[in-house]
Amino acid sequence: DTEVTQTPKHLVMGMTNKKSLKCEQHMGHRAMYWYKQKAKKPPELMFVYSYEKLSINESVPSRFSPECPNSSLLNLHLHALQPEDSALYLCASSQPPGGSGAYNEQFFGPGTRLTVL
Amino acid sequence: DQQVKQNSPSLSVQEGRISILNCDYTNSMFDYFLWYKKYPAEGPTFLISISSIKDKNEDGRFTVFLNKSAKHLSLHIVPSQPGDSAVYFCAASDDGGSQGNLIFGKGTKLSVKP
Chain A
367 DTEVTQTPKH LVMGMTNKKS LKCEQHMGHR AMYWYKQKAK KPPELMFVYS YEKLSINESV
427 PSRFSPECPN SSLLNLHLHA LQPEDSALYL CASSQPPGGS GAYNEQFFGP GTRLTVL
Chain B
127 DQQVKQNSPS LSVQEGRISI LNCDYTNSMF DYFLWYKKYP AEGPTFLISI SSIKDKNEDG
187 RFTVFLNKSA KHLSLHIVPS QPGDSAVYFC AASDDGGSQG NLIFGKGTKL SVKP
């Protein structure tokens, strides 16, 4: 299985809602990532988990709350979002960075298209 | 301030010809570079990479060239096929892979015409 899956594919939520994005991989990767991609912009890193521990938080507002319950799952909990948070949210996974001395390429999921009304 | 720049938002090439996608960077600490391909409604797919200790890496129809003095890399696709039509992202890492932080360019949309 060389796939990263993300659910849901599309999500529409109001500014007062609480929702969660889910990401799953079964490649044995121990690093997982959340990226945000706005239209006509490059993906921007939000969070990195390495061995289920948060290793990078790129100054993301607290209305985004990541969670890594185990090595295969990565969640992104959303609360009190703003319309400008509407974007494609991409999950990726890789072998832990720096493990073998070689760079480990990241495998991306298809993304969740989020619209905040 | 963009550290990874893809100055051509789009490129159109005839099937069978060479496609050349360019990428410039400003951070001299970048030590690993990757190209990703993205189809609509899908996540980016890893294509090919190159370490800063090399100047060329080849994989089938895809070759990446790195010119460190010019802070420039390019992706060559030969021969181009209609299925190569996608958005191509250049990405770079400045941490030797220790953190997994990738910085992406804005992408170039490649259209290969039959």
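Chain order of the listed sequences is A and B.
Residues 367 to 483 (this note's numbering) are what the first sequence spells out, left to right.
Residues 127 to 240 (this note's numbering) are what the second sequence spells out, left to right.
Glycine included, each C-beta is placed from N, C-alpha and C at the ideal position.
| query | result |
| --- | --- |
| Residues of its chain near His445 (chain A), where Cβ-Cβ distance is below 6 Å and the 5 sequence neighbours each way are ignored | Lys384, Arg429 |
| Between the CA atoms of Phe473 (chain A) and Val213 (chain B) - distance to the nearest angstrom | 16 Å |
| Any chain B beta carbon closer than 9 Å to Pro408 (chain A) | yes |
| Rounded straight-line distance, which links the Cα of Leu199 (chain B) to that of Ile144 (chain B) | 16 Å |
| Buried versus exposed, by CB contacts within 10 Å (16 or more), Tyr415 (chain A) | buried |
| Outcome for Tyr455 (chain A) when other beta-carbon atoms lying within 10 angstroms are tallied against a minimum of 16 | buried |
| For Thr373 (chain A), the nearest candidate out of A:Leu439, A:Asn470, A:Lys406 (CA to CA) | A:Leu439 |
| Own chain, CB closer than 7 Å to Tyr165 (chain B), minus 5 neighbours either side, in chain order | Ala212 |
| Under 9 Å (Cβ pairs) to chain A, residues found in the segment 158–173 of chain B | Tyr158, Leu160, Tyr162, Lys164, Ala167, Glu168, Gly169, Pro170, Thr171, Phe172 |
| Under 8 Å by beta carbon: chain B residues contacting Gly394 (chain A) | Those within 8 Å of Gly394 (chain A) in chain B number zero; the least Cβ separation is about 16 Å. |
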